[in-house]
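All remarks here apply to the structure that follows.
Residue numbers (our numbering): 3 to 182.
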């Protein structure tokens, strides 16, 4: 069933949280869904209006979007939910794309809105450290602090550069290559 039809069948003000990942209107045919809506803004507006209707007063919506339509979607969401109910923007890192024509965009956004911010309980989203990174990064910090105390800032900077270069060769740490 299409999302729009599904939203019409849900009881009003019965949903606490909605996460939507709408088409990004890239006009691409590489997706399972129609990603080339002729009137994208009208299409997204209809979905957000219905989503707002089913949200509880204390509910939140999270809208995943990329650079292609981020500005338009934020304007529409501000219109529907009210800028005062904007909670924030999450930026999520994506896999590196190698087919960029100009700037290699490696992130997407998740816009978050409350239906009624005054009724929405506060919540914390804590940064979490994945266990795979915990020990190696703590070891790195411990080593650099030790070099700094014993040999000073110049040697600590050299040691840090060397340690990062070595760590970046490991499977899950290749992201460090961007800071070498």
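Every residue gets a Cβ at the ideal spot worked out from N, C-alpha and C, and that includes glycine. Model, not experiment: these values are computed from the prediction.
Nearest residue (CA-CA) to residue 68, options 51, 91, 125 and 81 = 91
Q. If we ignore side chains and look at the alpha-carbon of each, how far apart do residue 152 and residue 94 end up?
A. 39 Å
Let me confirm a value: residue 78 is counted as buried when at least 16 other C-beta atoms fall within 10 Å, else exposed. Which label applies? buried
Please tell me whether residue 22 and residue 66 are closer than 8 Å, where the distance is taken between their beta carbons. yes
Helix, strand or coil for residue 172, going by three-state DSSP, please let me know.
-> coil
Point to revise | Bounding residues of the beta strand (DSSP E) (the contiguous stretch that carries residue 64) | key: 57 to 67
Between residue 59 and residue 14, how many whole angstroms is the CB-CB distance? I'm expecting something under 8 Å. Wrong, their Cβ atoms sit about 11 Å apart, outside the cutoff.
Keeping to the same chain, check which residues put their C-beta closer than 8 Å to that of residue 62; ignore five residues upstream and five downstream. 18, 19, 20, 89, 114, 115, 116, 117 and 122
Worksheet item: Taking the alpha-carbon positions, what's the residue 111 to residue 44 distance?
Response: 20 Å
- Message: Using only the alpha-carbon positions, how far apart do residue 150 and residue 160 sit?
- Response: 10 Å
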